[in-house]
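Just below is one structure, and these are the notes that go with it.
Number of protein chains: 2
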Amino acid sequence: MFEAIDRYVAHCTTLSPSDMEYFHSILQPFTVSKKSWLLREGELSTHEAYVVKGCLRKYCIDEDGSEIILQFAVEDWWVGDIAGLASQSPSRVYIQALEDSELLLIHRDDKERLFERVPAFERMFRLMIQRSYVVLQDRFVATLAAPADERYLHFLEKYPDIVQRVPQHYIASYLGITPEFLSRIRARLAKKV
Amino acid sequence: MFEAIDRYVAHCTTLSPSDMEYFHSILQPFTVSKKSWLLREGELSTHEAYVVKGCLRKYCIDEDGSEIILQFAVEDWWVGDIAGLASQSPSRVYIQALEDSELLLIHRDDKERLFERVPAFERMFRLMIQRSYVVLQDRFVATLAAPADERYLHFLEKYPDIVQRVPQHYIASYLGITPEFLSRIRARLAKKV
DNA sequence: CGTCTATTTGAATGTACTCAAAAGCGGTGG
DNA sequence: CCACCGCTTTTGAGTACATTCAAATAGACG
Numbered sequence: 001m002f003e004a005i006d007r008y009v010a011h012c013t014t015l016s017p018s019d020m021e022y023f024h025s026i027l028q029p030f031t032v033s034k035k036s037w038l039l040r041e042g043e044l045s046t047h048e049a050y051v052v053k054g055c056l057r058k059y060c061i062d063e064d065g066s067e068i069i070l071q072f073a074v075e076d077w078w079v080g081d082i083a084g085l086a087s088q089s090p091s092r093v094y095i096q097a098l099e100d101s102e103l104l105l106i107h108r109d110d111k112e113r114l115f116e117r118v119p120a121f122e123r124m125f126r127l128m129i130q131r132s133y134v135v136l137q138d139r140f141v142a143t144l145a146a147p148a149d150e151r152y153l154h155f156l157e158k159y160p161d162i163v164q165r166v167p168q169h170y171i172a173s174y175l176g177i178t179p180e181f182l183s184r185i186r187a188r189l190a191k192k193v
Numbered sequence: 194m195f196e197a198i199d200r201y202v203a204h205c206t207t208l209s210p211s212d213m214e215y216f217h218s219i220l221q222p223f224t225v226s227k228k229s230w231l232l233r234e235g236e237l238s239t240h241e242a243y244v245v246k247g248c249l250r251k252y253c254i255d256e257d258g259s260e261i262i263l264q265f266a267v268e269d270w271w272v273g274d275i276a277g278l279a280s281q282s283p284s285r286v287y288i289q290a291l292e293d294s295e296l297l298l299i300h301r302d303d304k305e306r307l308f309e310r311v312p313a314f315e316r317m318f319r320l321m322i323q324r325s326y327v328v329l330q331d332r333f334v335a336t337l338a339a340p341a342d343e344r345y346l347h348f349l350e351k352y353p354d355i356v357q358r359v360p361q362h363y364i365a366s367y368l369g370i371t372p373e374f375l376s377r378i379r380a381r382l383a384k385k386v
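Right, dumping it as structure tokens:
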């Protein structure tokens, strides 16, 4: 159950056995079945989730009703509504399982206590969000600077595993284009090869 | 010199006088004059900067040579190349003063030592980057979902001060559009009123 | 006052979108 | 096991938002 997350933690820090035990004690194993939601817009978010197995998507819905995928989360990723958790305000995002998934949840309050007891975890979560920030910034720049076909090719390179697991229209949404247009891009690329 | 940053810190935590003194001791006052760079692409970034007075922009240059503004930084903001600092790799961004500016620099290594001595600072910087992440995510969603004129109006609301201080084509770049198009948007809006 | 940069305006173009419909694919039940 | 249903992907035609290139105008600074 904890092998994967222990490896994740080990990348940042080395824990004493008792801290390790304490950490495990606040993690709540949780399963979500395909197509069901971990969080919906308007709900109060209380947990962050580490993905042990499976695949989820975090997305929001804009004014004219179309979905924008903010993140795919597969094994060894964290997913959560950072904005909502921080401000304790209703979520503006949905988190939905795209496959039957096994998670480890950590409650906001338990996390705070964990930070006090083991400051190394504050560091770990700082590094985690720092990485998320860098990924998001790269994606943002690419969305402004690169045409959709390049962004698609880049996605294929960076997340070949996700391409296999996720319906194509979700990838279109992640790239910021319509499913129709992604289909055309693929047709063009196929012709070139 | 330190009044503003002390207020910033006080929002997160309360420091003992000796910790406060230590914190001040690692801050390096620094001035940049208008149009000069604090950091350029390819350089190794070693410091983060707190803006005491002035205005800067962080931007990168994409493949076809056009600038993308990632952030404006005015009084009470932090600015730095988070990606480069974390990975100790050459910067892919530029940080340039748009006005003569007064900064307080903190060196990467001093920051690490500060975190060890006063864990509350690790928390402060975690919260800082968390806020940056939320801002960036909102901006990302808006760029995908909202047309340029709405994004401009939203920018006017959110950063009325910056609009006054910064040339218009930089705002266009921040919004992800060309200066010509922003000019047309403004012409349209002026007509409506 | 002249020069340099920023902004505006015009015309042509392109990337990506919308709406509509057809084709493909996968799961489920008879 | 195959037929059907729903969902995903593809294809087509027309359109819109935003870009590019070019030139004119306006502003700022020495």
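Order-wise, the sequence lines are chains A and B.
When we follow this note's numbering, the leftmost residue of the first sequence carries the number 1, and every step to the right adds one.
When we follow this note's numbering, the leftmost residue of the second sequence carries the number 194, and every step to the right adds one.
Don't be surprised by glycine CBs; every beta carbon is placed ideally from N, CA and C.
Quick caveat: nothing in here was measured; it's all calculated off a predicted structure.
- With its beta carbon less than 7 Å from one in chain A, B/Leu329 belongs to the interface.
- Assignment of A/Lys191 by DSSP, reduced to helix, strand and coil, places it in the helix class.
- Below 8 Å, enough C-beta pairs join the segment 164-184 of chain A and the segment 138-156 of chain A to call them touching: three or more.
- Shown here for A/Ile129: same chain residues with a beta carbon closer than 8 Å to its own, the five before and five after excluded, namely Ile82 in chain order.
- The beta carbons of B/His362 and B/Pro353 sit no closer together than 7 Å.
- In the DSSP assignment, A/Arg57 falls within the beta strand (DSSP E) that extends over Leu56 to Ile61.
- If you check the CB distance, B/Ser218 and B/Gly277 do not come in under 7 Å.
- A/Arg188 counts as exposed, since fewer than 16 other C-beta atoms from the protein chains shown sit within 10 angstroms of its C-beta.
- The beta carbon of B/Gly235 sits no closer than 7 Å to any beta carbon of chain A.
- With fewer than three CB-CB distances shorter than 8 Å, the segment 199-207 of chain B does not count as touching the segment 278-291 of chain B.
- Straight through space, the alpha carbons of A/Gly65 and A/Ile171 are spaced by roughly 18 Å.
- The residue from A/Glu67, A/Lys191 and A/Glu102 with its alpha-carbon nearest to that of A/Tyr50 is A/Glu102.
- At a cut-off of 7 Å, the C-beta of A/Phe140 has a neighbouring C-beta in chain B.
- When the beta-carbon positions are compared, A/Leu114 and A/Phe30 stay at least 7 Å from each other.
- Nearest in C-alpha terms to B/Phe374, of all of B/Gln357, B/Asp342, B/Ala383 and B/Val359, is B/Asp342.
- Contact between A/Cys55 and A/Val79 does not hold, since their C-beta atoms are separated by about 10 Å, which reaches or exceeds 8 Å.
- Residues of the segment 207-221 of chain B with a C-beta less than 8 Å from any C-beta of chain A: none at all.
- With respect to A/Asp62, B/Ala338 sits close: the two C-beta atoms are nearer than 7 Å.
- For A/Glu75, no chain B residue has a C-beta closer than 9 Å to its own C-beta; the minimum C-beta separation is roughly 22 Å.
- Residue-level contact check: A/Glu180 does not touch chain B, since none of the beta carbons of chain B fall below 7 Å from its beta carbon.
- Ranked by how close their Cα comes to the Cα of A/Val134, the residues B/Arg358, B/Leu320, B/Ser280 and B/Asp293 have B/Ser280 in first place.
- A/Lys53 has A/Glu102 as its beta-bridge partners, per DSSP.
- Across the structure, B/Ile198 and A/Glu112 are spaced so that their CA atoms are roughly 25 Å apart.
- The Cβ of B/Tyr326 sits closer than 7 Å to at least one Cβ of chain A.
- If you look at B/Ala341, you'll find it in the alpha helix (DSSP H) that goes Ala341 to Lys351.
- Listed along chain B, the residues sitting closer than 8 Å to A/Glu122 by beta-carbon distance are Pro312, Glu315, Arg316 and Arg319.
- Not a single unbroken stretch of the beta strand (DSSP E) spanning 3 or more residues falls wholly within the segment 108-183 of chain A.
- Here A/Arg151 is buried: its Cβ has 16 or more other Cβ atoms, across all protein chains shown, within 10 Å.
- Setting aside the 5 residues that flank it on each side, A/Leu38 is surrounded in the same chain by Val32 and Ile95, each with a C-beta closer than 6 Å to its C-beta; the list follows chain order.
- A/Arg126 is classed as buried because its beta carbon has at least 16 other beta carbons within 10 Å across all chains shown.
- At a C-beta separation below 7 Å, A/Gln96 has no neighbours in chain B, since its nearest C-beta there lies roughly 17 Å away.
- Chain-order list of chain B residues neighbouring A/Thr46: empty, with the shortest C-beta distance near 17 Å, by a criterion of under 9 Å.
- B/His240 carries a strand assignment under DSSP once its states are collapsed to helix, strand and coil.
- Non-local C-beta neighbours of A/Phe2 in its own chain, meaning closer than 6 Å and more than five positions away in sequence, comprise His24, ordered along the chain.
- By DSSP's assignment, B/Ile288 forms a beta bridge with B/Leu232 and B/Lys251.
- Beta-bridge annotation (DSSP): B/Val272 is paired with B/Ala242.
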